[in-house]
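Asks: Once you've had a glance at the structure underneath, I'll fire off some questions.
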Amino acid sequence: MMKITKNQSDKIANIFMIIFLAYTILASIIITMLLILNVNDDSVTFIEKYRIFIEQ
């Protein structure tokens, strides 16, 4: 069994923090995008709006 030093455990904790923050930011961006695209729904489905959004 490898002995993990304090420094290594701090590095591992930092990596997990960064990954967690990245996922949270990504999730919030996706949610805001969904909300923005779903505003003013004039019988246009979300998928069509998303396709138009991607094509631009």
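Letter by letter, the sequence shown follows residues 91 to 146 of the numbering used here.
Heads up, the beta-carbon is just placed ideally off N, CA and C, and yes, glycines get one too.
What you are looking at is a predicted structure, and each value in this text was computed from that prediction instead of being measured.
1) Helix, strand or coil: how does DSSP classify T122 here?
2) State yes or no: is the C-beta of K139 within less than 7 Å of the C-beta of L124?
3) With DSSP as the reference, label T114 as helix, strand or coil.
Replies: Checking against the coordinates, here is how it stands:
1) helix
2) no
3) helix
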